[in-house]
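Enquirer: I'd like to ask some things about the structure below.
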Amino acid sequence: MNNYQKWVAFDTILRRELRRFMRIWPQTLLPPVITIILYFVIFGQLIGARIGTMSGLPYIQFVAPGLIMMSVITNSYSNVVSSFFGSKFQRNIEELLVSPTPNWIILLGYVAGGMCRGLGVGAIVTVLSLYFADFSIHSLPITIAIVLMTSLMFSLAGLINAIFAASFDDISIIPTFVLTPLTYLGGVFYSIDLLSDFWRNLSMINPVLYMVNAFRYGIAGITDINIFWSFGMVGLFSMVLFFSALRLLENGSRLRS
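Count along the sequence shown starting at 1, add 97, and that's the number in my numbering.
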């Protein structure tokens, strides 16, 4: 395939992904927005008023970046895992794999679709969060960079989950037993300075911790983790997931009947 044909293949996959979740936007965009609003009301206003400040910020301003990142993480992940497994279940992916389309184009198409949904929901939540919290952007480049890397990483993770899943029940195992604990223990609702040495060191293997802190630094200018270390760890996790997903697509043992 020449470069134009590769672009057409990528554009086709991406357009399909965009139309898939936009066609059913009341199911894909509205529920996560409502959920995050409830988080703002309960954790930000009701509980936050009693907590006071966290790391020198009003509590609602402290948790706002984490809640925005939660929406990006969950929607990037869920879009790819559901879409790719659906194609796998219907045997559509087999036709795509035997076509001249390079595997990396297939990978980028699905991942880009997941990123679009994650970033779209994140943008909506960010606008709505201005009603609850008064904050400004401390560093726009850092904010944009980390949210792009986060949506990329969890879109890749969703694709890997879809490849290994053998049934629709399997695609809910990772979000329930891995993704949710990582998110809640990733410094969204608290500063890791409050933890004991053991739990603080254990938190360092949680990739969500680096994403949330880098994003919080981009918005509020505070972080529990060195910002360069955060980007390095997120970049490392993303590279590992990218090449793992590409390897699985090239192998195809779990994709072809």
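Beta carbons are placed, not taken as given, at the ideal position from N, Cα and C, and that holds for glycine.
Fair warning: this is a prediction, and the values are worked out from it, not measured in the lab.
A311 and I302 - do their beta-carbons sit closer together than 8 Å?
Expert: Numbered from its first residue, the sequence shown carries residue 302 at position 205. Numbered from its first residue, the sequence shown carries residue 311 at position 214. Cβ atoms of I302 and A311: not closer than 8 Å.
Enquirer: For S264, count neighbouring C-beta atoms within 10 Å of its own C-beta (all shown protein chains included) and say buried if the count is 16 or more, exposed if not.
Expert: Reading the sequence shown from its first residue, position 167 is the one you call residue 264. Classification of S264: exposed, given that the 10 Å Cβ count is below 16.
Enquirer: Can the beta-carbon of T109 be found less than 8 Å from the beta-carbon of I170?
Expert: The residue labelled residue 109 in the question sits at position 12 within the sequence shown. The residue labelled residue 170 in the question sits at position 73 within the sequence shown. Their beta carbons are not under 8 Å apart, which means T109 does not touch I170 by this criterion.
Enquirer: Please report how far the alpha carbon of L291 lies from the alpha carbon of L299, in whole angstroms.
Expert: Here residue 291 refers to the residue found at position 194 of the sequence shown. Here residue 299 refers to the residue found at position 202 of the sequence shown. In a straight line, the C-alpha of L291 is about 13 Å away from that of L299.
Enquirer: Roughly how many angstroms lie between the CA atoms of P304 and G284, to the nearest whole one?
Expert: Taking the sequence shown and counting its residues from 1, one reaches residue 304 at position 207. Taking the sequence shown and counting its residues from 1, one reaches residue 284 at position 187. Those two C-alpha atoms are separated by around 11 Å.
Enquirer: Taking Cβ positions, are V244 and L205 nearer each other than 8 Å?
Expert: If you number the sequence shown from 1, residue 244 lands on position 147. If you number the sequence shown from 1, residue 205 lands on position 108. Cβ atoms of V244 and L205: not closer than 8 Å.
Enquirer: For G155, which three-state DSSP category applies?
Expert: Within the sequence shown, the letter at position 58 stands for residue 155. Gly is not the amino acid found at residue 155; the sequence shown has Pro there. In this structure, P155 counts as strand in the three-state DSSP scheme.
Enquirer: Scan the segment 150–229 and note each continuous alpha helix (DSSP H) run of 4 residues or more that stays entirely inside, going in chain order.
Expert: With a minimum length of 4 residues, the continuous alpha helix (DSSP H) runs that stay inside the segment 150–229 are 156–186, 189–194 and 200–229.
Enquirer: So, I165 versus V130, is the Cβ gap smaller than 8 Å?
Expert: If you number the sequence shown from 1, residue 165 lands on position 68. If you number the sequence shown from 1, residue 130 lands on position 33. Not a contact, by the Cβ cut-off of 8 Å.
Enquirer: Within 10 Å of its beta-carbon, does I157 have 16 or more other beta-carbons around it, so buried, or fewer, so exposed?
Expert: To locate residue 157, count along the sequence shown from 1; it is residue 60. It counts as buried.
Enquirer: Using the Cβ count rule (16 or more neighbours within 10 Å means buried), how would you classify E347?
Expert: Numbered from its first residue, the sequence shown carries residue 347 at position 250. Per the 10 Å Cβ criterion, exposed.
Enquirer: Does the Cβ-Cβ distance between R351 and I260 come in under 8 Å?
Expert: Working through the sequence shown from its first residue, we reach residue 351 at position 254. Working through the sequence shown from its first residue, we reach residue 260 at position 163. The answer is yes: Cβ separation under 8 Å.
Enquirer: Distance, Cα to Cα, S180 vs H235?
Expert: If you number the sequence shown from 1, residue 180 lands on position 83. If you number the sequence shown from 1, residue 235 lands on position 138. Going by the C-alpha atoms only, they are around 35 Å apart.
Enquirer: Can you list, in chain order, the residues of its chain with a C-beta nearer than 6 Å to that of T125? Leave out the 5 residues immediately preceding and following it.
Expert: For this step, residue 125 is matched to residue 28 along the sequence shown. Once the five neighbours on either side are set aside, the close Cβ partners of T125 are F118.
Enquirer: Closest by CA to Y287, which one among I271, Q187, G210 and G141?
Expert: Against the sequence shown, residue 287 aligns to sequence position 190. Here the closest residue by C-alpha is G141.
Enquirer: Judging by CA-CA distance, which residue of D267, G255 and G318 is the nearest neighbour of R214?
Expert: In the sequence shown, counting from the first residue as 1, residue 214 sits at position 117. When each option's Cα is compared against that of R214, the closest is G255.
Enquirer: Helix, strand or coil for A146? Go by DSSP, reduced to three states.
Expert: Against the sequence shown, residue 146 aligns to sequence position 49. Note: A146 maps to helix in three-state DSSP.
Enquirer: Return helix, strand or coil for S288, following the three-state DSSP convention.
Expert: Taking the sequence shown and counting its residues from 1, one reaches residue 288 at position 191. Looking at S288 - three-state DSSP - the assignment turns out to be coil, as it is neither helix nor strand.
Enquirer: Only counting the same chain, and skipping five residues up and downstream in sequence, which positions put a Cβ closer than 7 Å to that of Y307?
Expert: Position 210 of the sequence shown, counted from the first residue, corresponds to residue 307. Once the five neighbours on either side are set aside, the close Cβ partners of Y307 are I322, S327, M330 and V331.
Enquirer: Output yes or no for whether 8 Å exceeds the beta carbon distance between I316 and F229.
Expert: Position 219 of the sequence shown holds residue 316. Position 132 of the sequence shown holds residue 229. Their beta carbons are not under 8 Å apart, which means I316 does not touch F229 by this criterion.
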